[in-house]
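Colleague: One structure, as structure tokens, below. Some questions next.
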Amino acid sequence: MAGEPCIISVAITGSVPRRKDNPALPVTVAEQIESTHAAYEAGAALVHVHVRNDDETPSSDPAKFAAFQEGIRRHCPDIIVQFSTGGRGRALEARGAMLHLRPDMASLATGSVNFPTIVYENPPDFVRSLAATMRDGGIKPEIEVFDLAMLYNTADLVAAGLILPPPHVQFVFGVKHALPARRDILEFEVAKLKELLPGATWTAAGIGRHQFEVARWALEMGGHCRTGLEDNIRMDRDTLAPSNAALVARVAEMCAAQGRPVATARQARALLGLSAVV
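For the sequence shown, numbering that gives the first Met the number 0 assigns the number 0 to the initial residue and increments by one for each residue that follows.
Spelled out as structure tokens, the structure:
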């Protein structure tokens, strides 16, 4: 959809990659702030945040999330901060422990799904509890869709008043045992989204070698894009990404090729119905 601004989200760290996989991975809070600032200057309007322990394992420490949020607000006051409530390596009861910090957004997977080596567990009562906490805290969820049932679960949560409309949905492609990276599947999911949840906004994320292909589909179809070292540590088969900013810059170039301007953080806030930063 030429002319429509594209929100570029950057997933800076995640819970799976390690420095041995790509030395550019930001692990400490200070590294994450620096990496996010560079990605923001390259065009990212939203940062998706996981934090790590000193040994690089996933952490749920609210103090680390707080330090990140405080630091990034000094450097990029209007960037959209989105905390992850994802489950790799984190206890169920700890996954929402930082929501009292009231980030702009938080991720919310609305069902369980098989991942390459684990079950990504999101029981219905847990999902409803997280959704209620986000609603009551003024936090907009980003619905993470790994299969079709999660889209229908989201519609049920909206109908129950646990998610305020219009929702923002992210379709994730290329995780083994979940949605395969196929354009016809994205087209089907987006058609169902428009049917079930009119007015919803959406992003598509491709994992690993699928990242730029999925981004191109999203750009052509009027959606938004996600990139970052959480999802993809390479520029191409033979080249490690030197930074999150380099991945963002590549997607920004793709936006230009499709005739879609890169959304500023202020524009992204308006598109997602978020408050402006004063």
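Just so you know, even glycine gets a beta-carbon here, dropped at the ideal spot from N, CA and C.
The model shown is predicted, which means the values in this text are computed figures rather than measured ones.
Tell whether a beta-carbon distance below 7 Å holds between W201 and V157.
Modeller: Sequence index remark: in the sequence shown, residue 201 carries index 202 (1-based). Sequence index remark: in the sequence shown, residue 157 carries index 158 (1-based). Result no, Cβ atoms of W201 and V157 do not sit closer than 7 Å.
Colleague: Which of helix, strand or coil does DSSP assign to Q169?
Modeller: By 1-based counting over the sequence shown, the position of residue 169 is 170. Strand.
Colleague: Going straight from the alpha carbon of A267 to that of D60, what length do you get?
Modeller: By 1-based counting over the sequence shown, the position of residue 267 is 268. By 1-based counting over the sequence shown, the position of residue 60 is 61. Looking at the two C-alpha atoms, the distance is approximately 28 Å.
Colleague: Using 10 angstroms around the beta-carbon of S274, count the other beta-carbons present and answer buried if the total reaches 16, otherwise exposed.
Modeller: As a working note, residue 274 is residue 275 in the sequence shown. For S274, the number of other beta carbons within 10 angstroms of its own is below 16, and it is reported as exposed.
Colleague: Do V250 and A214 count as a contact pair if the criterion is CB distance below 7 Å?
Modeller: The residue labelled residue 214 in the question sits at position 215 within the sequence shown. The residue labelled residue 250 in the question sits at position 251 within the sequence shown. Taking 7 Å as the Cβ cut-off, A214 and V250 qualify as a contacting pair.
Colleague: Is I142 helix, strand or coil when you go by DSSP?
Modeller: If you number the sequence shown from 1, residue 142 lands on position 143. Correct three-state label for I142: strand.
Colleague: Would you mind stating whether I6 and A217 have Cβ atoms separated by less than 7 Å?
Modeller: Here the question's residue 6 lines up with position 7 in the sequence shown. Here the question's residue 217 lines up with position 218 in the sequence shown. No, these two residues do not count as a Cβ contact at 7 Å.
Colleague: Would you mind stating whether R94 and G136 have Cβ atoms separated by less than 7 Å?
Modeller: Start at 1 with the first residue of the sequence shown, and residue 94 comes out as number 95. Start at 1 with the first residue of the sequence shown, and residue 136 comes out as number 137. The answer is no: Cβ separation not under 7 Å.
Colleague: Within 10 angstroms of its Cβ, does V289 collect 16 or more other Cβ (buried), or is it exposed?
Modeller: Residue coverage of the chain in this structure runs from 0 to 277, which leaves residue 289 outside it and unanswerable.
Colleague: Indicate whether the contact test is met: 3 or more Cβ pairs, each with one atom in the region 245 to 260 and one in the region 40 to 48, closer than 8 Å.
Modeller: yes
Colleague: Determine which residues share a DSSP beta bridge with R233 and list them.
Modeller: On the sequence shown, position 234 is the one that residue 233 refers to. Answer is L239.
Colleague: Give me the Cα-Cα distance between L178 and P115, rounded to the nearest whole angstrom.
Modeller: Translated into the one-based positions of the sequence shown, residue 178 becomes position 179. Translated into the one-based positions of the sequence shown, residue 115 becomes position 116. Each residue's alpha carbon lies about 12 Å from the other.
Colleague: Can you tell me whether P123 is helix, strand or coil according to DSSP?
Modeller: Translated into positions along the sequence shown, residue 123 becomes position 124. Reduced to three states, the DSSP call for P123 is helix.
Colleague: Could you check whether E141 and M104 sit closer than 7 Å to each other, using their CB atoms as the reference points?
Modeller: For this step, residue 104 is matched to residue 105 along the sequence shown. For this step, residue 141 is matched to residue 142 along the sequence shown. Closer than 7 Å, so yes.
Colleague: For L129, which residues of its own chain have a beta-carbon under 7 Å away from its beta-carbon, when the five flanking residues on both sides are left out?
Modeller: To locate residue 129, count along the sequence shown from 1; it is residue 130. Only T84, G95 and L107 meet the Cβ criterion.
Colleague: Hey, which unbroken runs of the alpha helix (DSSP H) at 4 residues or more fall wholly within the region 50 to 89?
Modeller: Fully enclosed alpha helix (DSSP H) runs of no fewer than 4 residues occupy 61 to 74 of the region 50 to 89, in order along the chain.
Colleague: Express the C-alpha separation of S58 and G70 in angstroms, rounding to a whole number.
Modeller: By one-based count along the sequence shown, residue 70 stands at place 71. By one-based count along the sequence shown, residue 58 stands at place 59. Cα to Cα, the separation comes out at about 18 Å.
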